[in-house]
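Right, one structure below, let's go through it.
Numbering (the numbering used here), first residue to last: 149 to 520.
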């Protein structure tokens with residue numbers, strides 16, 4: 149056999165091996181994580197119950213219902229609106245796998261943008277997954293994209309025109325669930341998901357809805373609770389109570405002219421009290437250094453540490469890092485504060501629950517201690 153034939157065969161073999169590895173990794177992103185709800189789970193459903201156009205599609209996110217059987221408030225918690233914002237998804241899991249509901253209902257969607265969990269953002273070099281050590285062993289979770297998978301919605305327009313306002317944004321935002329509300333049943337793939345969530349809020353008569361997010365340490369809305377103006381007092385009371393616990397949160401009012409956001413559209417179109425929370429996640433930052441799964445869980449980054457020490461930027465980053473347990477702890481404690489404040493302002497409807505760990509519990513014991 150000639151030398152050039154041998155080289156050609158070797159190249160083909162290498163390409164086939166790399167092809168196989170890529171194919172395996174691609175298929176792994178389609179495998180959904182196992183979730184272990186508490187015994188208080190009363191119903192498991194999906195978004196296609198609220199918009200049949202999602203049936204059989206990757207946007208048909210799972211919904212978990214916890215109904216006490218006692219009349220009270222209905223609370224909706226969304227994790228995974230942006231699948232690269234890990235603390236939102238994991239916080240929702242902590243609720244699902246620990247909560248005992250005594251009065252009212254919890255409705256939890258841990259992976260609201262389920263399509264975005266099947267891919268990562270191009271050109272970012274982020275890992276496809278990360279692992280959390282739990283009492284029952286390691287659990288692997290996907291690290292997704294900020295937006296819906298382009299295989300589900302393509303191509304992106306040059307300019308995204310929000311429905312129905314006509315507000316214009318970058319074409320990339322057409323696949324951003326948190327720019328899609330109120331959505332359309334016959335709209336784009338992402339608009340359909342947004343419409344289904346709006347229908348759930350309407351049909352289930354949700355009283356309080358909380359959307360869990362993260363952002364880069366240099367973002368101005370870090371460690372904030374963003375509220376619709378109609379629940380300003382509830383938000384202010386929650387932030388004040390968190391201050392008494394030595395947890396600092398900024399209170400932000402939803403901008404009226406920025407359309408498509410959950411805290412704006414949910415509040416305008418329904419009777420719900422909407423809230424959105426942000427924590428600081430170094431893996432999303434532009435200053436970050438080495439990008440790997442450890443950065444997701446430990447939140448330690450040399451570049452951000454140097455920026456803090458030299459005061460080069462106005463950023464929200466702790467020198468000890470921004471570990472996942474701390475970020476989840478902030479979300480969970482924020483949820484508790486919002487619901488406690490809501491209970492104070494509500495004359496008739498209450499939400500009563502037990503067995504949800506505190507911020508101190510999560511920071512001290514690690515989030516893995518509260519995952520099954």
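All C-beta atoms in this analysis are idealised placements derived from N, C-alpha and C, irrespective of residue type, glycine included. None of the values given here were measured: they were computed from a predicted structure.
Pairing residue 473 with residue 435 gives a Cβ-Cβ distance that is not under 9 Å.
Looking at 224, 156 and 292, the one whose alpha-carbon comes closest to that of residue 483 is 224. In this structure, residue 423 lies away from residue 369, with their beta-carbon atoms at least 9 Å apart. Under DSSP, the beta-bridge partners assigned to residue 361 are 426. Between residue 194 and residue 210 a beta carbon distance of about 5 Å is seen, short of the 8 Å cut, so the two are scored as contacting. Using a 10 angstroms sphere on the CB of residue 159, the tally of other CB atoms stays under 16, which defines it as exposed. Runs of beta strand (DSSP E) with 3 or more residues, each lying fully within the region 212 to 264, are found at 222 to 226, 248 to 251 and 253 to 257, listed in chain order. Cβ atoms of residue 239 and residue 227 come within 8 Å of each other, at about 6 Å. In the assembly as shown, residue 431 is a buried residue. Its beta-carbon has 16 or more other beta-carbons within 10 Å.
Segment contact: the region 293 to 305 against the region 359 to 366, fewer than three CB-CB distances shorter than 8 Å; contact not assigned. Distance from residue 507 to residue 478 at the Cβ level is roughly 7 Å; contact confirmed, criterion being Cβ atoms closer than 8 Å. In the three-state DSSP reduction, residue 344 falls in the helix class (H, G or I).
Between residue 519 and residue 256, the beta carbon gap of about 14 Å keeps them out of contact (Cβ cut-off 8 Å). Boundaries of the alpha helix (DSSP H) harbouring residue 410: 410 to 417, taken from the DSSP string. Annotated three-state conformation of residue 285 is strand, per DSSP. Residue 391: member of the alpha helix (DSSP H) spanning 380 to 392, first to last residue.
Three or more beta-carbon pairs separated by less than 8 Å link the region 370 to 378 to the region 409 to 420, which places the two stretches in contact. Apart from the 5 residues on each side of it in sequence, residue 313 sits with its Cβ closer than 6 Å to the Cβ of 407 in its chain, given in chain order. Residue 433 places its beta carbon 9 Å or farther from that of residue 448. In its chain, beyond the 5 residues on either side, 213, 214 and 215 have a beta carbon closer than 7 Å to the beta carbon of residue 190.
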